[in-house]
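Worksheet: the structure to be examined is printed underneath.
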Amino acid sequence: MKVFLGIPASGGAGIGKAFVIPETAKKSIPQKNIQESELADGWQRFQSSVHIVTEQIHTQLKNLPKGSPSNKAQRELLEAYILMLSDPIFIAELKDAYEKSLKNIEHVIDIKVAEYAEKLRNTGDDMLAERAHDITDVFSLVLNNMLNISQFDISAVPDGAVIIASTLSPTNALVLSKRKIAGLALTEGGISSHVVILARSYGIPTVVGLKNITHQIQTGNDVIVNGNTAELFVNPDDKTLAEYKNKIEVERRREKALKSFLNKPAQTKDGTRFTILANIGTPEEALLAKEMGADGIGLFRTEFLYMSTVSETASFAYHSFDEDTQFNAYKQVLSIMGEKPVTIRTLDAGGDKLIHNADIPIAEEKNPLMGLRAVRLSLAYPHIMKTQLRALYRASIYGNLKIMLPLITNVEQVRQCTALAETVRKELRAENIPFDENVSIGIMIETAAAAMTADCLAKTCSFFSIGTNDLTQYTLGIDRENQAVSGLYDEFNLAVLRLIATTLECAQKEDIPVSVCGEMAGKDDSVLVLTGMGFRSLSMSSKFIPGVKELLSRFTINELHAISAKHLNNL
18 MKVFLGIPAS GGAGIGKAFV IPETAKKSIP QKNIQESELA DGWQRFQSSV HIVTEQIHTQ
78 LKNLPKGSPS NKAQRELLEA YILMLSDPIF IAELKDAYEK SLKNIEHVID IKVAEYAEKL
138 RNTGDDMLAE RAHDITDVFS LVLNNMLNIS QFDISAVPDG AVIIASTLSP TNALVLSKRK
198 IAGLALTEGG ISSHVVILAR SYGIPTVVGL KNITHQIQTG NDVIVNGNTA ELFVNPDDKT
258 LAEYKNKIEV ERRREKALKS FLNKPAQTKD GTRFTILANI GTPEEALLAK EMGADGIGLF
318 RTEFLYMSTV SETASFAYHS FDEDTQFNAY KQVLSIMGEK PVTIRTLDAG GDKLIHNADI
378 PIAEEKNPLM GLRAVRLSLA YPHIMKTQLR ALYRASIYGN LKIMLPLITN VEQVRQCTAL
438 AETVRKELRA ENIPFDENVS IGIMIETAAA AMTADCLAKT CSFFSIGTND LTQYTLGIDR
498 ENQAVSGLYD EFNLAVLRLI ATTLECAQKE DIPVSVCGEM AGKDDSVLVL TGMGFRSLSM
558 SSKFIPGVKE LLSRFTINEL HAISAKHLNN L
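Residue numbers 18 to 588, in the numbering used here, belong to the letters of the sequence shown in order.
Here it is as structure tokens:
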């Protein structure tokens, strides 16, 4: 038995026969000089191949089953590819480069696509960097068509296989929706890549970061993929095989049992009730939140709307997310959730979330996480925030809206934002545009400064939501993305817990609601500590909601108090 260790990407365990996908040799595209008289013919061949590939993708879309939530990510990917192929900015730049260079069209396509992909990789944003794979993939299909290159037939993968590959292109990932794949083991791929997103959607255990893995396993080998521990077992012994078969059966029974909690209230076994909310990044995710039994939306990250506007095209041009586009997105979420509360966070751009927008100049910062980001950016460019507030208030009549301000560090920031909100409300009244006059405005507690002045901040807003990710990072002075120090990142550090407790106490004194929406809210061990501290509202990824409800049902409130006290006393 051999054991390989990679990076966890999609949880769960799977057992199956290895199916090794051969690595694709890099296309050799020669550079040739051409005459002006040949330009039209080359461009026509390019347009013809784009048309053929677009039609192929339309056929794949047509054959994708409708109404299946698990096929949503697949559908979105194919739709994004069609947009990339028809992006007018990229096509215009490609044509200009082609005509000026007088080189063969295949060479120009190869160079321009590589340039755009490299720009996305260098943004510093993982999500946009992953889109570089999409751009390369879709235009590789065009080049293959132009050069008459046949690709490996991914449909040859049998049901129940564990796919072993250097990388799996997003278009090849279609096999995930057509086969009962037991697992994925890849050399390349990030946690926000389309392949990994699709694997999570279909519940396929996935490990990435397995160096040279295609040369160390043969098709037909017995393999086990553990997406939780990032282990890959090749030709496991009988004991390991039996152990994992048992684990898979236990997990299957657990998932079945958790379904009974979807429509149950969250409460301890002695009846203390909790509000369990969902964190989302797109309007469509509200449907999953509702399906998972969420009591509402505790965090709608609006910056991903801006990011998706960019990432859905191959263009690197600036985009403007106008008021009506935002209004329609917010209206969709509010309508889906009905009377349930929906907390929408204003733009949290900057730092590790790079936004390409015509109205937000990009500036190089030595320490972007400490720089012009979140509410600081919104107040520096108030027209951006005003547009967003107008869209939010217009949408407020379609549901139960709450507005949340990110990275607040002082009272003056809250006052500036609420003053801008009042200006928007006056404008809407003057324009006879209906809106809800009673929309709550709250803030995120993400820094020690906010936590230590929570008593003052509680007098200026309607609610608190604690963002434990940034609060931990800023309090401990640790970049959790830096592998050299990430091991020091500890949400249970006494300093962090005391700041959380201080925030809760201040909110209770002013009688304003307080919730937790960071990663801590969805982890079993921290859920027990937070609820024992006195939190009655938690917001998390939708997939964790049934499990958290089941977890709380196993304890009394006094037992939770005892667990929390142990951590706060640093014992």
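We put the beta carbon where it would ideally sit given N, CA and C, even for glycine.
Identified DSSP bridge partners for residue i
i, result
"Thr223", "Ser27 and Leu201"
"Val240", "Gly33 and Val251"
"Leu294", "Ser556"
"Ala283", "Phe291"
"Pro530", "DSSP output for Pro530 lists no bridge partner at all."
"Leu569", "The partner list for Leu569 (beta bridge, DSSP) is empty, contrary to what the question assumes."
"Lys120", "Asn50"
"Ser277", "The partner list for Ser277 (beta bridge, DSSP) is empty, contrary to what the question assumes."
"Lys403", "None; Lys403 has no bridge partner."
"Leu521", "Answer by DSSP bridge pairing: none, since Leu521 is not bridged."
Spatial distance of residue i from residue j (CA atoms)
i, j, result
"His578", "Val546", "8 Å"
"Arg553", "Ser532", "7 Å"
"Ala57", "Glu116", "10 Å"
"Met387", "Thr231", "42 Å"
"Ala30", "Asn165", "39 Å"
"Lys112", "Trp60", "8 Å"
"Glu439", "Gly535", "29 Å"
"Leu305", "Ala466", "35 Å"
"Asp255", "Met18", "10 Å"
"Leu437", "Ile580", "43 Å"
"Gln525", "Arg271", "36 Å"
"Ser54", "Leu119", "10 Å"
"Pro300", "Thr489", "28 Å"
"Gly28", "Glu302", "19 Å"
"Leu505", "Ala134", "33 Å"
"Met402", "Thr519", "30 Å"
"Glu508", "His584", "11 Å"
"Gln48", "Leu555", "58 Å"
"Leu568", "Glu576", "12 Å"
"Asp127", "Ser157", "8 Å"
Integer Cβ distance of residue i from residue j, believed to fall under 8 Å
i, j, result
"Ile181", "Phe21", "Wrong, their Cβ atoms sit about 10 Å apart, outside the cutoff."
"Ile460", "Phe481", "6 Å"
"Asn252", "Asn238", "6 Å"
"Leu474", "Ile425", "7 Å"
"Leu279", "Ile361", "About 24 Å; that fails the 8 Å criterion."
"Asp287", "Thr573", "4 Å"
"Ile106", "Tyr261", "Contact doesn't hold; Cβ gap of about 49 Å is too wide."
"Thr204", "Thr184", "7 Å"
"Leu201", "Gly23", "That pair is no contact at about 11 Å."
"Ile420", "Ile462", "So it is not a contact: roughly 16 Å between Cβ atoms."
"Ala149", "Ala26", "About 18 Å separates the two Cβ atoms, so there is no contact after all."
"Asn296", "Met557", "6 Å"
DSSP state of residue i mapped onto helix, strand, coil
i, result
"Asn50", "strand"
"Asn417", "strand"
"Ala178", "strand"
"Val544", "helix"
"Ser395", "helix"
"Ile166", "coil"
"Arg446", "helix"
"Ser157", "helix"
"Lys262", "helix"
"Phe452", "coil"
"Arg362", "strand"
"Gly564", "helix"
"Phe480", "coil"
"Ile314", "strand"
"Ser65", "helix"
"Val502", "coil"
"Gly539", "helix"
"Met461", "strand"
"Lys19", "strand"
"Leu137", "helix"
"Leu78", "helix"
"Leu389", "coil"
"Ser328", "With a pLDDT of only 36 at Ser328, under the threshold of 50, the placement of this residue in the model should not be trusted; the figure read from the coordinates follows. Here Ser328 sits in helix by DSSP."
"Leu422", "strand"
"Leu185", "coil"
"Asn427", "coil"
"Thr470", "coil"
"Pro39", "coil"
"Arg196", "coil"
"Phe509", "coil"
"Ser337", "Note that Ser337 scores a pLDDT of 46, beneath 50, so its modelled location is shaky and nothing firm can be said."
Any C-beta of chain D under 8 Å from that of residue i
i, result
"Gly539", "Annotation note: the requested chain D is absent from the structure, which comprises a single protein chain."
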